[in-house]
Structures are given as structure tokens and as C-alpha cells.
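Okay, so here's the structure we're looking at.
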């Protein structure tokens, strides 16, 4: 039930906070006030949740108490409600005492007296010497102490003694009611410190029960019951409870009376027992052993003390028959050790999971008979006269003795041991955990703190990002620089656009409220807005608007006194209207009117690229909307120029101003239509962001035609533009048809522009085409939505010429199309698009330009195009605007774009694969021998990865992409005849032929799976040389200076990888050239000073050099020593030729 109540409270809290949140939104509060109100609502919700939890807990406790009370009543026990008057009376007496009005059970130290009925709890308390004062309860009856029926409450020595009756231990409801009274007040438990009022328990046990048959087992059972009650106290109060155990009725121990009979009063008042150290680290499992050992030791010390004291008692006793009894008493006492220790061990056995009581001490008390002498004194008999003559004394009787009980070992226990045990009291004053109310409040506070902490963190970083963006936009403004045409440059417009975005965001936050992630008292936008707004509009005027406004005013000032035959009403009217909006009438601004006019006047018939136009249009749109919220510039205007323009316009026919006013009013009442805005996401497929004025929508057309029929209401025109107009009689038969004809022409023109400005975007890839075609062929097709919008807004026109002009869109999508775009007229076309989409999707999965699905897709495209043309056969011809052609083109564009894409599909995919190959190839060609300057040599494994026939990347690329486009003719690779749409570039052909030749040379034309380059060398005559020795990769050629020697070589060598040339000039052998490593022979030939083709091979010449300066070695006559060899490589490419491999530049543009 606790979980259910918590869930109910949490749901209620959320509903309250949510309702309050929504209510605050309707109050239109902003800024700090709104934040504070919402925070107060959250705190109030948390408070209500806490209150509900407290109420529910108390209600459950009362219900449990009631149920227990019913059971108790059935058993003949007083119900829990009877306890309330007792506690109420006790607390009333405490509050009325010198302790003060705040004195109550929850704030005062409490001794809890526990024990079974007959354990002498009440008698021991009365005889303890603490002078207890009864606060509530029933103690005496007919002069005798009676068993406690419910509960007795005492006050003694600044502490309250709470004595529940023995029957209450088995009554959970009444016991719970007692525990509730012991808890500290709810407020202090919530907001107080961890320390509470001290609590201690005194357990009374009749020691006679240990000596009865079966008493040992019964005692352990009683100890466990008492342990359960003690544990409940600990858990209810959240404390570790010190427990003092008092074994009463020790006079039932054999020989006890004889042992204590001769003790003095001082000795009888001493405490007999043991206060044991507090041990909180005892654990279940070893607790019983450790505690038994500890208590046994304490008991043994007590036994030894009694043993030592018996000699004193033996010396005082004169009755010989009692001497043996006195001597034997300590032994009889010791016999109780084991059952007594077992009782104490079970009494305070701790729990591993919850707070537990701990044993602080065990003590003993009993009763001895004491003789007292009674002395009776007779009163004087008196007559009416004090000390009169009739007075005579009464005879004094002799004294008599009688035996009365005296409690022993008890009088100092409470005052000097239990109440003086401050260490134990302080331990019980430390709560191990918060009270339920405190937990609820802490949970609410923690939740609120977490919420606020998270909100403030998010708000801080959000505001910091906002400040950073605005600061970057302001810093990035720089200096405005005009373009070559005198207008703002692309760079300047881009910079002001960045600032505009920041200002637009700040303005929207100011009017609509910042999002909650930026609020919580940290929102900085209100401080940024004025500065950002002023800076933006200052640069906006400098870049664009200043010149535009000057042009508007110049036009008005330059008007002639009367219009000429070529003057147009609309130009001057729009100029005057725009000038008034930008000065004295900013509230009349509409983006539909002002933004296009400002853009037109800004360009001033100049050719402006689309990027700059788009950026400028955003500034004009923003300015047109911001005017509604306040003019950033001066509202003053040139009244003379305005009056001049009004007089000029007043000389035109009245139908002009009537028509303008009707359109303006229609635009005001009907919002414009924008296809891309009305269909979010459509701009990714079909681009049409131009607005159709509200006057030319279906609702706008109805208003305009009705207004024309009642044109008298619009005779004055827009008075704030034209000023007051004098009424004049107009010929309805002429004015009305004229206005209708003009409006219908404008209506047709606007919707023709709508179709003309619509563009089906080209596809970026085959995957993109499949995705977009899936949308265009679906029942939410943007293309059909484009036609439907035009169909709905033109089909309702009353004029036949309007319906005829747009018959093509009305045929493709009948006027009822908003409910369902796909209809019988467009069904064949949509089926063709769907089939085409499926074919394109198959091509996207194949990713192979030579896949048969490409041709299949082209065939589907042809069928879809045929379906589009069949639909177009039903179009009526629009002789002026050719709407039928525009509609047919829009229908065919998704298909023709596919044909164009598939036409370049092969080259595009091939170039993509070639680019990936070049990425792998480039890592190799950066090493020697491909890069002669590199200090890193390529390995054979890397050579194999690229050039190895079959598995090398070069030949894998060929097999996958070039097999049908490139064939080998003789020793050259050439484009395959009829290779399809793929045309290889000349650069790629050169690269591939060189790479293939290198592969053939290394792998013997593909017959070897490892590099195996065979070649032969023949020594040519070398002047001045007597002998030459050439060692290459473990193979050797010796020759004389006359030449003639010849040998076969293979690269790479098996073991030795070197190239060394030595020789003799008539003396010792000299080293001419020396190279080491895998590529030693390539370095040897690469360092040749001369290379020349000769027949079937090549002649190489080397000029050996010497010294650090590298001077050529010379022969007689000072001529340079020249060593010559003839190289024969058979049919292999001359890969040893210098710079042959360094020309390997991978070409990624494989096809065109």
C-alpha cells in the first residue's frame, strides 16, 4: 500500500504541476516573474505530495490500530482508543509543569518499562527511590498495587517513565499506538537535527521463573517476545536502544533472605549487577558465542563479589542454623548463570538489516523482611478549657514489633546507574535515519534540487551557446563591401544573414517566451535583444534599405503634376504604400506585399545571382514581419511628397484604387498559399517556395467577386494610402465587367506562375532516385499534391476561361482530390511510376552499371513516359500560357531524370570504384621504386597485393569493372568494341597499360604467382678496363675490357639481394658501384648515366665515381672511365629504365 500511496501522490503532484503550468501559460507572464511563479508551483506540488504522504501514513496507522483494537475488544482487552486520554492527560500535566508548554513525550527522555504481568514493574518503580510522580494511569486499589491494565505514565528526575501493561506486548495495535507517542513531533523530525530525545528500556523479569520446571525454555521464549518489541521501538524511532534488565524477586533464590538479613541499610541500597560496555559490532553468527562469553565473565565477577562478601555476613549472624545458608547462597546464585545468560543473549539479539537494541546492564533486586517497633501515644483528654483542671494524661502503652518487606539492591539503581548513564542516553539520541516525514520531505527536496540543478545546468550551457552565437554573428559582421554591380556582396549578405538568424531567434523568444531550457532565471536574451536589433537594422540600412527608401522617396518627389499616357497606376501606388509602411504605418506591413517590392527595387533591373537574391529576400521578409512589432527607423516622412503622390494617383480612373483596395482586403482576410510550406518535406523533391496571394485562392476569389459586385464599399480605396476620397457616380455597367476581367486575368497569371515556378529536382544517386520515386508514386505524392492545390483553387472560378486554362491540372487531379490524390485519370501514370520505382530500386541493389536491370529500368522509364503522354492527350490547349505543356513536363521530369541518371550511371560508378582503387594504390607508389626519393622500400607482399594476377587489386578491379570495356590487343589494352555507355579516358588508358605492363613483366605474363623477372646481360667493350665482375642477387658475370661475356639473371634473388660492380684497371680490383636490398638491381640500372634502345634490348653506360665530391674515374688521356652492358628483357616492358616507374600516377577519372 505504501507503493500505491506514493504512486497516487506522485500522479496527483504531476497533474497539479501540469495544470498549473498550463494555467501560467495563459496568464501571459514573461521573464523572471514567470520563472518564479512556475518554481513556486513546483514547490507547492512537492509540498502537497509530502502532506499527502504524511496524511496517508497516519491514516494507515489509525486503520491498523482500529483493527487491532477490535481484536483486543473481542479478547476482553481495553481498545487502543483508551490510551489517548491517558497520553493526553499526561502531556497536559507536563505542559502545565515548570518544564514548559513544549514538554511532551516526544521531546523528553523516556524510560520504557517492559515486562510480563507480575514482574513487579510498578512496585520496583515505586520503591526505587526516584520519587516518581504519576502522570496518568491506575496504580493503587484498596491500598495495594494492582497490575497495569493499559499504561502508566510517571515523571521522575527529568524523565518520563512509560509502563505498558504486560498484556500490551501481545497487542500490536495498542503497542503501535504507544510507539507513535514516543516519536518526535513531525515538524522537528523534518526540520530538526539528527539528535532526538533519549530513550532507554528497562526489562523486568521474575527470576523465580528460571527455577521452575520448564522455566528455562519459557524464559527464552519470553526473551524473544521482548526482543521483538524492543526491535519495534528501535525501528519506529530509528535509534539503537540501550536495554537494562532487572531480575526481580530474587528473594525466591534459596538462602537469599538469610544472606541479606544482616545487611545494613547502606549495603541493602547498593546496586547488585553489572553494567557492560556497549558493543555495536557484534554480528549474527558469532554474536551468541561472543555475548555468552562476555556476560558469563560479568556474571562470574558478580559471583566472586558475593562470595567475598559472605564472610562479612557470616560474622554478623548469631543463629548457627543460618550460617550454612549464608555460605551456600553464592553457590545457589551461580546455578542461575547459564539460563540467565541465555535469557540476556536472546533478549538483545541484533538484526543484520535494521537497528537493534543493545544490552547495557543486568541487575538484581529482591525483598527482605525487616522488623519495626510500633509506639502508640494516647492523646490528652481535653475539656473546654485548654490545660484546664479536668485535663489528664492517657496511660502510655508498651511498644510492639512487626515484620515489613524492604526492597534491597534497588534504591540506588535508577538514580545512580540508569538515569546517570549519559553515554547510553546520547547513543539513543542519535537517529540512524530520517523519520518517514523527513524522508518524504528529503525526497521532495532532493527531487526539486535535482530538477533545478538539471534545469540550471541546461539553461547555463544553453545561454552560453546563445551568447556565443550572437557574439560570433556580431563579430563576423566586419566591413560592408559592395559587389561589382554596386549591390551588397555575397559575403556581406552572408554575414548579415547570420546576425539576422540570431536576431530572429531573440525576437521570437521575446514575444513567445524563451524555451524552458534557457529560462530558470538565467535567460540572457532580453539583455542581448536591444543591442542586436539596433546593430542588425543599422547594417541592414547601410547595405540595402537606405538606398531603397531613398529611391521610394525620389520616385514620389519626381512625379509630374498629372499622369502621362505611359504612366502606370500600380507602380506609383505600390511605391507610396511601401513608403508609408516603412515610415508612419508599420502596422500595415505584410510580407506578401512589402518583401517582393523591396527585392524588386533593390535589384533595380540588374542581373543578380540566385544566392544573393535568396539572402536578400530573407532580409526583406524579416524586415516586413518585424515592422508589425515596431519600426526600427524613424516614423517621420515627407508629407509634401506623399500629398504629391496622392494627387497624382487621384487623377487616374476610380477603378484603379477600387481594384487595389479589394485585392488588399482579400489578402488581409485570406492567408497566402505556399506549396513547400503547406507540405513540409516537399522541397526535397519538388521546389516551389513562391507565395500565391490570398486574393487568388478559392476563398479569396469568392470574396473578390462579391466585392466587385459591391464595389461602392471600396470606392475610397485604402484611405491610409490615398487619403480621403470624394465620392463620384460611376457607371456600374462599365466598372464591374472591367474589374472582373482584370481580376480573372490576374488569377490566371498567378496560377500559371505557380506551375511555372515548380521544379522537380534531379536525383543525386540511384538510391536517392529510388527513395524519391517511392514518394512520388505513393498515395501522398507531392507531385499530385502540387497539381491538386492548383486544381482546387481554380476549379471553383465562375469564369469559364479560368477553368479552361487550368483544365490539365483539373483533369490529372479532379477538384475532389484533397480526399484522395490517385484517381482514374492519373492511375496509368502512377502505375508507371510505381513500376519504374521498383526497377530503380533493383538497380540500386545491384550496384553494377553492366547489370541487366539497368536496361530493364530504361524500358520501364519509356513505358512510364508513354503513360504520361497518354494522360496528356486529354489536356486542352492553353493558347496563351500553355499550362498543358507545363503539366506534362512536370509529369515527365521524374522519368527523364531517371534516364539521365542511368545514362551516366556506368561512368559514375566506375569512377567511384577507380577512386577507391587509387586510395589503395597510392600507399604503394609513395615507396621505392615508384618514388625514387623515398627512403622506404616497397615489399613483395605489397607488390603482390596490387599487381599479382588474379588476386591483386589491379586485376580484381579489372574483372569487376573493366572486363566488358577494356580488352588486350597484342601488347596493349584498348577499349572494347561496343563497350556500351562507358567511355574510358585517355589518361586512364595510359595508366592502366603501364600498370599492366609492369605486372606482366614481374609475373611473366600471368604464368607466375610470384615475381619472377628474367633478363640477360652482355658486357660491351669498355676502354681502359682489364676485367669486370658484376654480381646481382647471387648471380655473377665476369668479362674483360673487350666485352663479350654474357649471363642470365632473375629478380628477385633467392638469398643474396645486392648489385655490385667491380673491376681492374691494371692493378688491384676496385669497387665501382654497390647496392643492397630487394630493389638493388633497380637502383643499379636507375643510376646509369646513359640509356639507349638497341635492337631487341637496351645499352646502358655507367661512369664510376670516386671521392666525396663524386669525381668521375678516368683512364689514360683523362677520359672518364665508362662501363657498358647490353640488357635483354625479352618481351617485358623496360621497367629498369630510369623514371619508368616514377611515372605511376593513379587516375581516378576512369570514364567520362
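Numbering (my numbering), first residue to last: 10 to 1161.
Note that the Cβ used here is the ideal one computed from N, Cα and C, for glycine as well.
{"Asked": "Residue burial classification, residue 553 (beta-carbon count within 10 angstroms, cutoff 16)", "Found": "buried"}
{"Asked": "Contact the segment 131-142 vs the segment 161-173: 3+ CB pairs below 8 Å", "Found": "yes"}
{"Asked": "Among 854, 748 and 606, the one whose alpha carbon lies nearest that of residue 776", "Found": "854"}
{"Asked": "Nearest residue (CA-CA) to residue 873, options 515, 841, 883 and 715", "Found": "841"}
{"Asked": "Strand pairing of residue 284, partner residues [DSSP]", "Found": "370"}
{"Asked": "Buried versus exposed, by CB contacts within 10 Å (16 or more), residue 956", "Found": "buried"}
{"Asked": "Span of the alpha helix (DSSP H), counted from its first residue to its last, around residue 760", "Found": "741-765"}
{"Asked": "Where the beta strand (DSSP E) through residue 142 begins and ends", "Found": "142-145"}
{"Asked": "Cα-Cα separation, residue 986 to residue 1114", "Found": "54 Å"}
{"Asked": "Cut-off 6 Å between Cβ atoms - residues of its own chain near residue 263, not counting five sequence neighbours on either side", "Found": "341"}
{"Asked": "Beta strand (DSSP E) runs contained entirely in the segment 1049-1076, provided each spans 3 or more residues", "Found": "1055-1060 and 1067-1073"}
{"Asked": "Alpha-carbon spacing of residue 950 relative to residue 1088, whole angstroms", "Found": "14 Å"}
{"Asked": "Straight-line gap, residue 635 to residue 629 (C-alpha atoms, nearest Å)", "Found": "10 Å"}
{"Asked": "Helix, strand or coil at residue 377 [DSSP, three-state]", "Found": "strand"}
{"Asked": "CB contact flag (residue 439, residue 248, <8 Å)", "Found": "yes"}
{"Asked": "Beta-carbon spacing of residue 171, residue 154 below 8 Å", "Found": "no"}
{"Asked": "Alpha-carbon spacing of residue 27 relative to residue 54, whole angstroms", "Found": "10 Å"}
{"Asked": "Through-space distance from residue 801 to residue 785, alpha-carbon basis", "Found": "20 Å"}
{"Asked": "Candidates 750, 607 and 782: closest to residue 588 by CA position", "Found": "607"}
{"Asked": "Outcome for residue 817 when other beta-carbon atoms lying within 10 angstroms are tallied against a minimum of 16", "Found": "buried"}
{"Asked": "Range covered by the alpha helix (DSSP H) that runs through residue 97", "Found": "92-105"}
{"Asked": "Rounded separation between residue 45 and residue 466 - CA only", "Found": "17 Å"}
{"Asked": "Close-in-space but distant-in-sequence residues of the same chain around residue 346 (CB under 6 Å, 5 per side omitted)", "Found": "308"}
{"Asked": "Three-state secondary structure (DSSP) of residue 307", "Found": "helix"}
{"Asked": "Residue from 937, 1059, 1157 and 103 whose Cα sits closest to the Cα of residue 1147", "Found": "937"}
{"Asked": "Contact belief for residue 419 with residue 136 at Cβ below 8 Å, rounded distance in angstroms", "Found": "6 Å"}
{"Asked": "Cβ neighbour criterion (16 or more within 10 Å) applied to residue 549", "Found": "buried"}
{"Asked": "Backbone CA spacing between residue 47 and residue 58 [nearest angstrom]", "Found": "17 Å"}
{"Asked": "Buried versus exposed, by CB contacts within 10 Å (16 or more), residue 835", "Found": "buried"}
{"Asked": "Local conformation of residue 1204 per DSSP, three classes", "Found": "An answer regarding residue 1204 cannot be provided, because it is not within the stretch 10 to 1161 covered by the chain."}
{"Asked": "Alpha-carbon spacing of residue 943 relative to residue 1038, whole angstroms", "Found": "29 Å"}
{"Asked": "Start and end residues, beta strand (DSSP E) containing residue 257", "Found": "251-257"}
{"Asked": "Reduced DSSP secondary structure (H/G/I, E/B, other) of residue 80", "Found": "Confidence at residue 80 is low in this model, with a pLDDT of 46, below 50, so the placement of that residue should be treated as unreliable; the coordinate-derived value is given next. Three-state result, residue 80: helix."}
{"Asked": "Residue interval of the beta strand (DSSP E) (run including residue 1110)", "Found": "1106-1111"}
{"Asked": "Residue-chain proximity (residue 617, chain C), Cβ-Cβ < 8 Å", "Found": "No chain C is present in this structure, which holds just one protein chain."}
{"Asked": "Inter-residue spacing [alpha-carbon to alpha-carbon] between residue 1061 and residue 952", "Found": "12 Å"}
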